[in-house]
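Asks:
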Amino acid sequence: MTTVSPTPDTTPVTSPLSSPSAPAASGAGQAPPPAMRLRELAFGAACAAAVRAAARLGVADALGDTPASAAELARIVDTEPVPLRRLLRALCCYGIFGETEDGTFVHTEMSRLLREDDPNSLRYICLWCTEPWTWEVWPRLEDAVRTGSSVFPEAFGKGFFDYLHQDAGESAHVFNRAMTTSSMQSARDVAELLDLTGVSSVADIGGGQGHVLASLLEKYPSVHGTLMDLPGVVARADARLRDDGALANRVRIVAGDCREDIPVDADLYIIKNILEWDDESTRRALGNVVAAARPGARVVVIENLVDDSPSMRFTTAMDLLLLLNVGGAKHTRESLLARMSDAGLRIGEVRPVNAYLHAFECLVP
Ligand SMILES: C[S@@+](CC[C@H](N)C(=O)[O-])C[C@H]1O[C@@H](n2cnc3c(N)ncnc32)[C@H](O)[C@@H]1O
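All residue numbers for the sequence shown refer to my numbering, where the first residue is 142 and numbers rise by one.
(1) Tell me the rounded alpha-carbon separation between residue 316 and residue 179.
(2) Mind checking residue 367: buried by the 16 CB within 10 Å criterion, or exposed?
(3) Can you give me the C-alpha to C-alpha distance between residue 398 and residue 410, rounded to a whole angstrom?
(4) Work out the CA separation of residue 480 and residue 424 for me, nearest whole Å.
(5) Give me the residue from 408, 352 and 363 with the minimum Cα distance to residue 326.
(6) Could you tell me which whole alpha helix (DSSP H) segments of length 4 or greater appear in the stretch 209–260?
(7) Please go through the same chain and pick out, in chain order, the residues whose beta-carbon is closer than 6 Å to the beta-carbon of residue 415, but skip the five residues on each side of it.
(8) Can you name, in chain order, every residue of its own chain whose Cβ lies under 6 Å from the Cβ of residue 457, other than the five neighbours on each side?
(9) Check whether the Cβ of residue 374 sits closer than 6 Å to any heavy atom of ligand 1, and report yes or no.
(10) Of all the options 449, 407, 419 and 451, which has the alpha carbon lying nearest to the alpha carbon of residue 435?
(11) Any heavy atom of ligand 1 closer than 6 Å to the beta-carbon of residue 501?
(12) Under 7 Å Cβ to Cβ from residue 200, same chain only, skipping five residues before and after it: list those, please.
(13) Would you please state the rounded distance, in angstroms, between the beta carbons of residue 405 and residue 344? I believe it to be under 8 Å.
(14) So who's on the other strand from residue 124, going by DSSP bridges?
(15) Within the chosen definition, does the stretch 244–254 reach the stretch 203–212 through at least 3 CB pairs nearer than 8 Å?
(16) Quick one: using the 10 Å Cβ neighbour count with 16 as the cut-off for buried, is residue 184 buried or exposed?
(17) Determine the direct distance from the alpha carbon of residue 417 to that of residue 476, and round the result to whole angstroms.
(18) Confirm, please, whether the CB-CB distance from residue 342 to residue 468 is below 7 Å.
(19) Within its chain, find whatever has a CB closer than 6 Å to the CB of residue 212; leave out the 5 residues flanking it on each side and keep chain order.
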């Protein structure tokens, strides 16, 4: 039997070198045999934990454009140098950081994305995917697969969003930052795609901090907007939408649960990346939109589709995490169309928003 012991490592790092642009380091170019590949996959938690540790320690932020030794980095991020070297060595195997011939470390494309100041930073998304609660729910995947239900109430005594906002303030902050990153990155694409000609009011239901809404209002100066989301989320709405913000005079902010009621009248309702929870919540949210809207109002549902994803490993992982935390799922094109027509919506065109999102145009009959 192989023993895996975390003994202090004083040996030099001997893994093959990886240049900043190399796609992967250790073993790159040579696929490991199936038995080793399976072992590596079963140890996936080690990789996730290493990414999380680097993100929390701020290692990528500490490393600039010139190579730095583990000892230099350790001084900046306040760790022991030898374990930091071990952490970097593990990450180099995946192409996150590279090691030079003299044993110093350099950035790769992926490690730069861990920097908080990178314009396409994934730091908060990496933290979100590895939050403490995720490590509580993954071992219960077997139960979720048996029952088809969320394991969250059993593990934490309440639903996921209640737990997040009532008991896990730091995790809620990470969630908001992660959502901010991804919605800012997609808001421009949505604003570019949607034609608001003839629309005078738009509502974003479950619109987070309102980045999509702000992008649309900036593009269409005569349109008014409503942002609806849970109270803890709209309290931190985008500065452009809040009281002294540049768009405030055209914005109404509604704090509420869209599964209970949607007290919003608009020409266009946007529902982006929220129909990923349990079916009953989807049914109620769509039913409330149809009840609130006037006949002829437009509804645009925007989602990542599991059957049309350029990155099936990421999308299927998210799909399983949604099963665990909210009893939800990433939709296929068919499953989303079925829920929208069950709600009574008249479905029109389905168009790609960008490489990973699709927009479903519908009308309220
Ligand atoms: C994945 S985020 C998407 C945010 C935004 N639509 C976007 O695409 O950037 C899901 C959003 O749904 C909100 N949400 C969850 N449950 C809700 C509820 N019952 N009523 C209203 N919003 C809710 C969350 O607070 C969060 O902002």
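C-beta atoms are modelled at their ideal positions from N, C-alpha and C, and glycine is treated no differently.
Replies: Once the coordinates are examined:
(1) In the sequence shown, counting from the first residue as 1, residue 316 sits at position 175. In the sequence shown, counting from the first residue as 1, residue 179 sits at position 38. Going from the Cα of residue 316 to the Cα of residue 179 covers about 31 Å.
(2) Reading the sequence shown from its first residue, position 226 is the one you call residue 367. The residue in question, residue 367, is buried, as its Cβ has 16 or more Cβ neighbours within 10 Å.
(3) By 1-based counting over the sequence shown, the position of residue 398 is 257. By 1-based counting over the sequence shown, the position of residue 410 is 269. Straight-line Cα distance between these residues: approximately 15 Å.
(4) On the sequence shown, residue 424 is found 283 positions in, with the first residue counted as 1. On the sequence shown, residue 480 is found 339 positions in, with the first residue counted as 1. Computed Cα separation, rounded: 7 Å.
(5) Taking the sequence shown and counting its residues from 1, one reaches residue 326 at position 185. The residue with the shortest Cα to Cα distance from residue 326 is 352.
(6) 211–218, 222–233 and 250–253
(7) Taking the first residue of the sequence shown as 1, we reach residue 415 at position 274. The residues are 347.
(8) Against the sequence shown, residue 457 aligns to sequence position 316. Result list for residue 457: empty, nothing under 6 Å.
(9) Residue numbering aside, residue 374 sits at position 233 when the sequence shown is read from its first letter. Yes, ligand 1 has a heavy atom inside 6 Å of this Cβ.
(10) By 1-based counting over the sequence shown, the position of residue 435 is 294. For residue 435, the nearest C-alpha among the options comes from 407.
(11) Taking the first residue of the sequence shown as 1, we reach residue 501 at position 360. Not under cutoff, so the answer is no.
(12) Indexing the sequence shown from 1 puts residue 200 at position 59. Here the set comprises 214 and 218.
(13) Start at 1 with the first residue of the sequence shown, and residue 405 comes out as number 264. Start at 1 with the first residue of the sequence shown, and residue 344 comes out as number 203. Contact flag correct, Cβ pair sits at about 5 Å.
(14) Absent from the model: residue 124. The displayed extent of the chain is 142 to 506, so no value can be given.
(15) yes
(16) Taking the first residue of the sequence shown as 1, we reach residue 184 at position 43. Its Cβ having fewer than 16 others within 10 Å, residue 184 is exposed.
(17) Locating residue 476 in the sequence shown gives position 335, counting from the first residue. Locating residue 417 in the sequence shown gives position 276, counting from the first residue. Their Cα atoms are separated by approximately 11 Å.
(18) Here residue 468 is taken as the residue at index 327 of the sequence shown, counted from 1. Here residue 342 is taken as the residue at index 201 of the sequence shown, counted from 1. No.
(19) Within the sequence shown, the letter at position 71 stands for residue 212. Same-chain partners within the cutoff: 222.
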